[in-house]
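S.K.: 9 is the number of the first residue of the sequence shown in my numbering; add one for each residue after it.
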Amino acid sequence: MDDFLLKFFPKVYRRKHEPALDSNYCKYDNQGLQLFTSSLYLAGLTSTFFASYTTRRLGRKLTMLIAGAFFLLGVIFNGAAQDLAMLIVGRILLGCGVGFANQAVPLFLSEIAPTRIRGGLNILFQLNVTIGILFANLINYGTAKLHPWGWRLSLALAGIPAILLTVGSLLVTDTPNSLIERGHLDEGKAVLKKIRGTNNVDAEFNEIVEASQIAQQVKHPFRNLLKRRNRPQLVIAVMLQIFQQFTGINAIMFYAPVLFNTLGFKSDASLYSAVITGAVNVVSTVVSIYSVDKVGRRVLLLEAGVQMFLSQVIIAIILGIKVTDHSKDLSKGYAILIVVMICTFVSSFAWSWGPLGWLIPSETFPLETRSAGQSVTVCVNLLFTFVIAQAFLSMLCHLKFAIFAFFSAWVLVMSLFVLFLLPETKNVPIEEMTERVWKQHWFWKRYMDEEDDTDVIKHANGAKPVQP
9 MDDFLLKFFP KVYRRKHEPA LDSNYCKYDN QGLQLFTSSL YLAGLTSTFF
59 ASYTTRRLGR KLTMLIAGAF FLLGVIFNGA AQDLAMLIVG RILLGCGVGF
109 ANQAVPLFLS EIAPTRIRGG LNILFQLNVT IGILFANLIN YGTAKLHPWG
159 WRLSLALAGI PAILLTVGSL LVTDTPNSLI ERGHLDEGKA VLKKIRGTNN
209 VDAEFNEIVE ASQIAQQVKH PFRNLLKRRN RPQLVIAVML QIFQQFTGIN
259 AIMFYAPVLF NTLGFKSDAS LYSAVITGAV NVVSTVVSIY SVDKVGRRVL
309 LLEAGVQMFL SQVIIAIILG IKVTDHSKDL SKGYAILIVV MICTFVSSFA
359 WSWGPLGWLI PSETFPLETR SAGQSVTVCV NLLFTFVIAQ AFLSMLCHLK
409 FAIFAFFSAW VLVMSLFVLF LLPETKNVPI EEMTERVWKQ HWFWKRYMDE
459 EDDTDVIKHA NGAKPVQP
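#1: Does Phe451 pass the burial test, meaning 16 or more other C-beta atoms within 10 Å, or should it be called exposed?
#2: Who are the near neighbours of Ala413 in its chain, counting only those whose CB is closer than 6 Å to its CB and skipping five residues on each side?
#3: Report the residue ranges of all beta strand (DSSP E) runs contained in full by the region 115-192; include only those spanning at least 3 residues, in chain order.
#4: Rounded to the nearest angstrom, what separates Pro374 and Thr393 at their Cα positions?
#5: Per DSSP, what kind of secondary structure is Phe254 in: helix, strand or coil?
#6: So, using beta-carbon positions, are Ala152 and Leu279 closer together than 9 Å?
#7: Compare the Cα-Cα distances from Thr138 to each of Ala287, Ala121, Cys387 and Ser296 and report the closest residue.
#8: Flag this pair as yes or no: are the beta carbons of Met316 and Phe268 separated by less than 9 Å?
#9: If you draw a straight line from the C-alpha of Asn238 to the C-alpha of Met456, how long is it?
#10: Jot down the residue ranges of each uninterrupted beta strand (DSSP E) in the region 312-363, minimum 3 residues, whole runs only, in chain order.
#11: In terms of alpha-carbon separation, which member of Tyr342, Ile350 and Leu390 lies closest to Leu318?
#12: May I ask you to report which of helix, strand or coil DSSP gives Lys35?
#13: Which residues in the same chain as Ile131 place their Cβ atom closer than 8 Å to its Cβ, once the five residues preceding and following it in sequence are excluded?
#14: Quick one: Cα of Gln225 to Cα of Asn185, how far?
#15: Whole angstroms are fine: how far does the CA of Lys340 sit from the CA of Thr54?
#16: Just curious, the alpha helix (DSSP H) that Asp210 is in, first and last residue?
#17: Can you name, in chain order, every residue of its own chain whose Cβ lies under 7 Å from the Cβ of Ala75, other than the five neighbours on each side?
#18: Flag this pair as touching only if the region 389-409 and the region 301-312 have three or more C-beta atom pairs under 8 Å; answer yes or no.
#19: If contact is defined by three or more beta carbon pairs under 8 Å, each pair taking one atom from either stretch, is the region 70-86 in contact with the region 419-432?
#20: Just to confirm my understanding: we take Asn232, look at its own chain, exclude 5 residues before and 5 after, and list those with CB closer than 8 Å. What are they?
#21: Could you check whether the region 47-62 touches the region 429-438, counting it as contact only if at least three pairs of C-beta atoms, one from each stretch, sit closer than 8 Å?
#22: Identify, in the order they occur along the chain, each residue of the same chain with its Cβ nearer than 6 Å to the Cβ of Glu189, setting aside the five sequence neighbours on each side.
#23: Less than 6 Å between C-beta atoms, sequence neighbours within five positions excluded: which residues of the same chain meet that for Leu391?
#24: Looking at the structure shown, is Leu429 part of a helix, part of a strand, or coil, going by DSSP?
#25: To the nearest angstrom, report how far apart Val291 and Gly191 are at their CA atoms.
#26: Determine the burial state of Pro114: buried for a count of at least 16 other Cβ atoms within 10 Å of its Cβ, exposed for fewer.
#27: Starting from Ala75, trace the alpha helix (DSSP H) in both directions and tell me its first and last residue.
#28: Once you ignore the five residues that flank Arg444 on each side, which residues in its own chain have a CB closer than 7 Å to its CB?
#29: DSSP three-state label for Thr206, please.
#30: Write down the C-beta distance between Ala329 and Ile346 rounded to the nearest angstrom, noting that I regard them as a contact closer than 8 Å.
#31: Could you say which of Leu135, Asp10 and Leu142 lies nearest to Ile284 if we only look at CA atoms?
#32: Could you tell me the alpha carbon to alpha carbon distance between Ile244 and Ala88, rounded to whole angstroms?
#33: Just to confirm, is the Cβ distance from Asp182 to Gly67 under 9 Å?
#34: Just the C-alpha distance for Leu73 and Leu178, rounded to the nearest angstrom, thanks.
#35: In whole angstroms, what separates the C-alpha of Lys15 from that of Phe415?
#36: Inspect the beta-carbon positions of Gly40 and Leu102 and report whether they are closer than 9 Å.
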């Protein structure tokens with residue numbers, strides 16, 4: 009928004025409005041502007057490690073409450089910001105909220121959900137993220153017309169979901185798993201009866217108690233994560249997060265209004281186009297909910313790879329021919345084609361790399377390394393989100409139309425990774441993953457030649473270990 013740029017980024021404002029300085033690809037290239045966006049993710053990355061501790065020691069509920077408090081503080085700083093420093097402090101506080109919420113909320117949902125709908129709830133979490141993005145785009149579209157304070161209202165309205173999260177955290181109970189893990193067995197059993205709606209919970213209660221005892225035997229989960237037999241899950245979790253960001257999705261979703269404005273759309277039209285991509289994102293995530301357990305993870309990822317690659321190549325070709333550094337020859341037809349191609353790209357991401365980048369790591373780590381694995385997954389995701397957010401506008405300036413060729417090359421690499429190294433986990437129970445997935449895979453089976461921790465623990469207790 010011009011009012012926002014004029015107050016905090018006057019150099020960008022001048023570059024945007026003075027014809028002599030107006031470069032189609034470089035008008036928004038400003039490290040301060042990129043830091044405003046990316047500081048949230050750097051703070052989220054750092055806070056994830058603290059959130060891992062509070063989630064384990066203080067419970068899921070209190071961790072979500074802490075996240076809500078961070079969000080509220082961040083909203084106050086951003087809505088009332090008088091200078092760039094205050095704005096970035098607000099973003100850092102919001103980032104801490106993201107770190108704590110990303111650690112606690114998926115864990116909370118997976119632990120209270122009945123087994124039969126756990127996968128659907130996991131993707132439902134991603135669906136609500138996409139709905140949030142759509143609402144944000146709609147709010148920006150509306151508040152852009154309110155001068156000169158529309159940007160303050162836009163940032164302050166983030167207080168509504170922050171209040172909902174905070175109040176919701178006060179109203180819910182902690183999960184049975186968390187209560188039992190922290191020694192509150194009677195309370196954990198009472199909560200389990202309440203959320204299942206029956207008193208017949210002994211079997212599930214005993215499973216949670218046993219799983220908790222086994223998990224507590226592992227004194228150093230992060231060190232355990234590095235052992236040879238856990239390498240396949242770790243490599244796949246890390247690579248999926250890196251690849252998810254190098255599809256270019258966050259570059260497009262963060263800067264969609266900037267991107268469309270760069271391509272010659274007027275301010276209102278660019279925000280309107282961003283709303284369209286947000287709506288496509290929501291609808292396509294629903295597709296994933298209904299198809300992921302039917303066609304499988306690999307099929308969705310490979311099909312999306314073809315779709316994303318072709319759409320980005322087409323965008324690069326159109327921009328390379330029609331949009332130079334200081335002049336645009338982009339007709340209405342070409343502009344519409346670019347919007348269609350961006351929507352094609354967003355839709356394919358939303359039913360594949362978006363939800364599956366989180367789902368696959370959550371279902372492949374064994375119990376004793378699941379919490380540590382989730383922390384690493386979130387940390388790597390936020391690290392590379394930060395890298396892309398901080399670098400994108402500069403990359404757009406220097407690479408110009410070739411930035412889409414850059415991301416399409418990564419899409420080709422990640423599709424080859426999926427084709428050769430990602431096993432199918434559809435309809436495989438988590439506890440059977442080692443036997444039915446990793447030991448059967450042509451490459452990863454070589455890492456499955458050590459005793460499981462559960463076997464070591466049973467052996468220590470006098471039971472005969474199960475041979476791999």
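Glycine included, C-beta positions come from ideal geometry on N, C-alpha and C.
M.R.: Concretely, from the data shown:
#1: Here residue 451 is taken as the residue at index 443 of the sequence shown, counted from 1. Looking at its Cβ environment, which holds fewer than 16 other Cβ atoms inside 10 Å, Phe451 is exposed.
#2: Indexing the sequence shown from 1 puts residue 413 at position 405. If we look at Ala413 and ignore the five residues flanking it on each side, its Cβ neighbours are Ala324.
#3: If you keep only unbroken beta strand (DSSP E) runs of at least 3 residues inside the region 115-192, you get nothing at all.
#4: Numbered from 1 along the sequence shown, position 366 holds the residue referred to as residue 374. Numbered from 1 along the sequence shown, position 385 holds the residue referred to as residue 393. If you take the alpha carbons of Pro374 and Thr393, they lie about 26 Å apart.
#5: Position 246 of the sequence shown, counting from 1, holds the residue named residue 254. Helix, per DSSP.
#6: Counting from one through the sequence shown, the residue named residue 152 turns up at place 144. Counting from one through the sequence shown, the residue named residue 279 turns up at place 271. In this structure, Ala152 sits near Leu279, with a CB-CB distance shorter than 9 Å.
#7: To locate residue 138, count along the sequence shown from 1; it is residue 130. Of the listed residues, the one whose Cα sits closest to Thr138 is Ala287.
#8: As a working note, residue 316 is residue 308 in the sequence shown. As a working note, residue 268 is residue 260 in the sequence shown. No, Cβ-Cβ distance for Met316 and Phe268 is not below 9 Å.
#9: Here residue 238 refers to the residue found at position 230 when the sequence shown is read from its first residue. Here residue 456 refers to the residue found at position 448 when the sequence shown is read from its first residue. Approximately 8 Å, taken between the alpha carbons.
#10: Complete beta strand (DSSP E) runs here, min 3: none at all.
#11: Looking up residue 318 in the sequence shown gives position 310. In this structure, Ile350 is the residue among Tyr342, Ile350 and Leu390 with its C-alpha nearest to the C-alpha of Leu318.
#12: As a working note, residue 35 is residue 27 in the sequence shown. Coil at Lys35, not helix or strand.
#13: Reading the sequence shown from its first residue, position 123 is the one you call residue 131. Excluding sequence neighbours, Ile131 sits near Thr293, Ser296, Ile297, Val300, Pro363 and Leu367.
#14: As a first step, residue 225 is located in the sequence shown; it is residue number 217 there, counting from the start. As a first step, residue 185 is located in the sequence shown; it is residue number 177 there, counting from the start. Gln225 and Asn185 have their C-alpha atoms spaced approximately 16 Å apart.
#15: Stepping through the sequence shown from its first residue, residue 54 is reached at position 46. Stepping through the sequence shown from its first residue, residue 340 is reached at position 332. Cα-Cα distance, rounded: 44 Å.
#16: Within the sequence shown, the letter at position 202 stands for residue 210. Per DSSP, Asp210 belongs to the alpha helix (DSSP H) from Asp210 to Gln225.
#17: To locate residue 75, count along the sequence shown from 1; it is residue 67. The residues are Gly105, Phe108, Ala109, Ala112 and Leu173.
#18: Touching, no, given that fewer than three Cβ pairs across the two stretches are closer than 8 Å.
#19: Output reads no: the region 70-86 does not touch the region 419-432.
#20: The residue you call residue 232 lines up with position 224 of the sequence shown. Only Val226, Asn238, Glu376, Thr377, Ala380 and Asp461 meet the Cβ criterion.
#21: Flag = no, the region 47-62 and the region 429-438 do not touch.
#22: To locate residue 189, count along the sequence shown from 1; it is residue 181. Sequence-distant partners of Glu189 (beyond 5 residues in either direction) whose C-beta falls short of 6 Å from its own C-beta, in its chain, are Ser220.
#23: Stepping through the sequence shown from its first residue, residue 391 is reached at position 383. Excluding sequence positions up to five before and after Leu391, its CB lies within less than 6 Å of the CB of Leu53, all in the same chain and listed in chain order.
#24: Position 421 of the sequence shown holds residue 429. In the three-state reduction of the DSSP assignment, Leu429 falls in the helix class, which pools H, G and I.
#25: The residue given as residue 291 occupies position 283 in the sequence shown. The residue given as residue 191 occupies position 183 in the sequence shown. Rounded to whole angstroms, the gap between the alpha carbons of Val291 and Gly191 is 43 Å.
#26: The sequence position of residue 114 within the sequence shown is 106, counting from 1. Classification for Pro114: buried.
#27: Here residue 75 corresponds to residue number 67 of the sequence shown, with the count starting at 1. Run containing Ala75: Arg68 to Gly87, per the alpha helix (DSSP H) assignment.
#28: Taking the first residue of the sequence shown as position 1, residue 444 is located at position 436. Cβ within range, chain order: Val436.
#29: Your numbering for residue 206 matches position 198 in the sequence shown. Thr206 carries a coil assignment under DSSP once its states are collapsed to helix, strand and coil.
#30: As a position in the sequence shown, residue 329 is number 321, starting the count at 1. As a position in the sequence shown, residue 346 is number 338, starting the count at 1. Sequence check: residue 329 is Ile here, not Ala. The beta carbons of Ile329 and Ile346 sit about 12 Å from each other, so the pair does not count as a contact at 8 Å.
#31: Taking the sequence shown and counting its residues from 1, one reaches residue 284 at position 276. Distances from the CA of Ile284 to each of Leu135, Asp10 and Leu142 were compared; the closest alpha carbon is that of Leu142.
#32: Your numbering for residue 244 matches position 236 in the sequence shown. Your numbering for residue 88 matches position 80 in the sequence shown. Just so you know, the alpha carbons of Ile244 and Ala88 end up roughly 42 Å apart.
#33: Position 174 of the sequence shown, counted from the start, is the residue given in the question as residue 182. Position 59 of the sequence shown, counted from the start, is the residue given in the question as residue 67. Going by C-beta atoms, Asp182 is nearer than 9 Å to Gly67.
#34: Sequence index remark: in the sequence shown, residue 73 carries index 65 (1-based). Sequence index remark: in the sequence shown, residue 178 carries index 170 (1-based). When the Cα atoms are used, Leu73 and Leu178 turn out to be separated by approximately 7 Å.
#35: Translated into the one-based positions of the sequence shown, residue 15 becomes position 7. Translated into the one-based positions of the sequence shown, residue 415 becomes position 407. Here the C-alpha atom of Lys15 lies approximately 33 Å from the C-alpha atom of Phe415.
#36: Position 32 of the sequence shown, counting from 1, holds the residue named residue 40. Position 94 of the sequence shown, counting from 1, holds the residue named residue 102. No.
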